[in-house]
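Quick notes on the structure that follows.
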Amino acid sequence: MLARPRVCVAALLLAACPSAPSTSATATGTGDTTTGPGTTTTTEPTTGEPAGWQVALELGVDKGALFSVWGPQPDDVIAVGGQGVGPTSKGLALRWDGAAWTELSLPPGTTRLHWLAGVGDALWAVGEAGVAIRRDGDTWTPIATGVDVPLWGIWGAGPDAIWSVGGDGFVGGPSLLRWNGDAWAPESLPPLPDDCHALFKIVGTGVTDVTAVGDLGVVLQYDGAAWTQQDVGSIADLISVSGPAHARLAVGGRANARLAWWDGQKWTGATLDRPGLSGVWIDSDGEGFITGSNGQILRVTAGDLEPEAEPSPTNLLLHAAFGFAAGPRFAVGGNLAGMPPHVGVILQHPGP
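According to mature numbering (1 follows the signal peptide of the UniProt record, and there is no 0), the sequence shown holds residues -27 to -1, 1 to 325 in order.
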């Protein structure tokens, strides 16, 4: 079938990236070298935190690529991803405790995971074949969503107000679901372009301020009563969105990068002469960074349409960005330019 490859490749801004060597899923900063069947992890000793972006962990085909990273505090950060596509794919979750990345156990049959979000005391993750899992304490629990299309994003205002977005990416309409505390149910959407087959990410500040982005530059805004489509002045696909109500940034583009800022009243955008973008993290002051194809990392401030490139230690596609205003920053991705098997990478920056 063509639908799954199209979602895996096109919907994620896949750009040509070299493969990385097969490596294990545990890394520390001690200068140790560990080996296993077909795996090798080597970390160099350091004197204090290195300046700039560094490769923290490389994953081989036994683990796959990473699609999302999030955490409540600098010594409690989780990254998710996996290997394969569709219902036979395999999910992966890793946790950073401030010193090392270690793999977390997932429920049997968990498919590849695409995004995660903390809501209250719980952590939610969604992914291939409509999978949704919730982590309470150290336990993950599968939660039926009622859909079998890939879910690409999730965000919540509270335990009874969580939204997830997705879609096949090639056929059918986009999916937008809401968790009411007991079950997932589809939301009513305004008429959308026929060729809009997926929504990719969603973010907000509360139940009256939620933004979803997707195919053909579609942007949907929820005001607590209804979803309405907003004009961003471009049909370039938007892959991710982050930021507060007065400084929200959507990023995407295929052959060329696309930025669109929301200032609370209107969208202002620009197309850049650089490869497509796929990850963005904006703090409460409107500052942050963007990631994308060919290992791009761009520093940005509120309203800025000319972000500043930072040195990157990888050419792999960096699919997601996350950080802390006064602390470390993370970028994750892999060789997502082609079909599986994929490899993955985690980058870290001491901040700010």
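Each residue gets a CB set at the ideal place from its N, CA and C atoms; glycine is no exception. Note that the coordinates shown come from a computational prediction; the quantities given were computed from them, not determined experimentally.
Could you spell out the range, first to last residue, of the beta strand (DSSP E) harbouring Glu31?
Here residue 31 is taken as the residue at index 58 of the sequence shown, counted from 1. It spans 27 to 32 - the beta strand (DSSP E) in which Glu31 sits, taken as one unbroken run.
Hey, how far is the Cα of Ala73 from the Cα of Val50?
The residue given as residue 73 occupies position 100 in the sequence shown. The residue given as residue 50 occupies position 77 in the sequence shown. Whole-angstrom Cα-Cα distance: 11 Å.
Going by alpha carbons, who is nearest to Ala220 out of Val53, Ser161, Leu278, Leu245?
Position 247 of the sequence shown, counted from the first residue, corresponds to residue 220. The shortest Cα separation from Ala220 among Val53, Ser161, Leu278, Leu245 belongs to Leu278.
Beta-carbon proximity list for Ser78, same chain, < 7 Å, skipping 5 on both sides
Working through the sequence shown from its first residue, we reach residue 78 at position 105. Excluding sequence neighbours, Ser78 sits near nothing in its chain.
With H, G and I counted as helix, E and B as strand and the rest as coil, what does DSSP make of Glu281?
By one-based count along the sequence shown, residue 281 stands at place 308. Three-state DSSP puts Glu281 in a strand.
Can you round the beta-carbon distance between Gly296 and Trp234 to whole angstroms, since I take them to be within the 8 Å contact cut?
To locate residue 296, count along the sequence shown from 1; it is residue 323. To locate residue 234, count along the sequence shown from 1; it is residue 261. Rounded, the Cβ-Cβ distance is 19 Å, inconsistent with contact.
Assuming Leu89 contacts Ile127 (C-beta within less than 8 Å), just tell me the rounded distance between them.
Working through the sequence shown from its first residue, we reach residue 89 at position 116. Working through the sequence shown from its first residue, we reach residue 127 at position 154. Indeed, because the Cβ distance is near 7 Å, the residues count as touching under 8 Å.
Excluding the five sequence neighbours on either side, which residues of its own chain have a C-beta within less than 6 Å of the C-beta of Gly216, listed in chain order?
Residue mapping note: residue 216 aligns to position 243 of the sequence shown, counting from 1. Cβ neighbours of Gly216 beyond the five flanking positions: Leu222, Ile255.
Beta-ladder partner(s) of Pro325, from DSSP
Stepping through the sequence shown from its first residue, residue 325 is reached at position 352. None, per the DSSP bridge assignment.
Between which two residues does the beta strand (DSSP E) carrying Pro115 extend?
On the sequence shown, residue 115 is found 142 positions in, with the first residue counted as 1. Segment 112 to 115, the beta strand (DSSP E) holding Pro115.
Same chain only: Cβ atoms within 6 Å of Gln203, ignoring 5 sequence neighbours per side:
Residue numbering aside, residue 203 sits at position 230 when the sequence shown is read from its first letter. Correct list, in chain order: Val192, Gln194.
To the nearest angstrom, report how far apart Asp246 and Ile263 are at their CA atoms.
Here residue 246 is taken as the residue at index 273 of the sequence shown, counted from 1. Here residue 263 is taken as the residue at index 290 of the sequence shown, counted from 1. Each residue's alpha carbon lies about 15 Å from the other.
Closest by CA to Ser62, which one among Pro314, His322, Val318?
Counting from one through the sequence shown, the residue named residue 62 turns up at place 89. If we check each option's Cα against that of Ser62, Pro314 comes out closest.
Locate the beta strand (DSSP E) running through Glu76, then write down its first and last residues.
Locating residue 76 in the sequence shown gives position 103, where the first residue counts as 1. Looking at the DSSP string, the run of the beta strand (DSSP E) that includes Glu76 is 73 to 76.
Close-in-space but distant-in-sequence residues of the same chain around Ser41 (CB under 6 Å, 5 per side omitted):
Mapped onto the sequence shown, residue 41 falls at position 68. Correct list, in chain order: Val53, Trp88, Leu89, Ala293.
Could you give the distance in angstroms between the alpha-carbon of Val144 and the alpha-carbon of Leu124?
Against the sequence shown, residue 144 aligns to sequence position 171. Against the sequence shown, residue 124 aligns to sequence position 151. When rounded, the distance between both Cα atoms is 14 Å.
When the Cα of Gly33 is compared with those of Gly307, Gly252, His170, which residue comes out closest?
As a first step, residue 33 must be located in the sequence shown, where it is residue number 60. Nearest C-alpha to Gly33: Gly307.
Are the Cβ atoms of Gly237 and Leu291 separated by less than 9 Å?
To locate residue 237, count along the sequence shown from 1; it is residue 264. To locate residue 291, count along the sequence shown from 1; it is residue 318. Contact flag unset, no.
Roughly how many whole angstroms lie between the Cα atoms of Gly324 and Ala299?
Here residue 324 corresponds to residue number 351 of the sequence shown, with the count starting at 1. Here residue 299 corresponds to residue number 326 of the sequence shown, with the count starting at 1. If I take the Cα positions, the gap works out to 6 Å.
Counterpart residues of Thr244 in DSSP-defined beta bridges:
The residue you call residue 244 lines up with position 271 of the sequence shown. Partner(s): Arg231.
Within the continuous beta strand (DSSP E) that includes Pro45, where are the two ends?
For the purposes of this step, residue 45 is identified with residue 72 of the sequence shown, where counting begins at 1. Unbroken beta strand (DSSP E) run through Pro45: 38 to 46.
Looking at Gly119: is its Cβ nearer than 9 Å to the Cβ of Gly103?
What you label residue 119 is simply residue 146 of the sequence shown in a count that begins at 1. What you label residue 103 is simply residue 130 of the sequence shown in a count that begins at 1. Against a cut-off of 9 Å, the Cβ pair of Gly103 and Gly119 comes out as a contact.
Using DSSP with H/G/I as helix, E/B as strand and the rest coil, what is Ala298?
The residue labelled residue 298 in the question sits at position 325 within the sequence shown. The answer is coil: DSSP assigns Ala298 none of H, G, I, E or B.
Within a Cβ cutoff of 6 Å, which residues of the same chain sit near Ala105, ignoring the five residues on either side of it in sequence?
Counting from one through the sequence shown, the residue named residue 105 turns up at place 132. For Ala105, where only same-chain residues beyond five positions count, the Cβ hits under 6 Å are Val99, Ile116, Thr118.
Please tell me whether Arg231 and Leu250 are closer than 9 Å, where the distance is taken between their beta carbons.
Within the sequence shown, residue 231 is the residue found at index 258, counting from 1. Within the sequence shown, residue 250 is the residue found at index 277, counting from 1. Contact: yes.
Specify the secondary structure class of Gly139 as computed by DSSP and reduced to three states.
Mapped onto the sequence shown, residue 139 falls at position 166. Strand, per DSSP.
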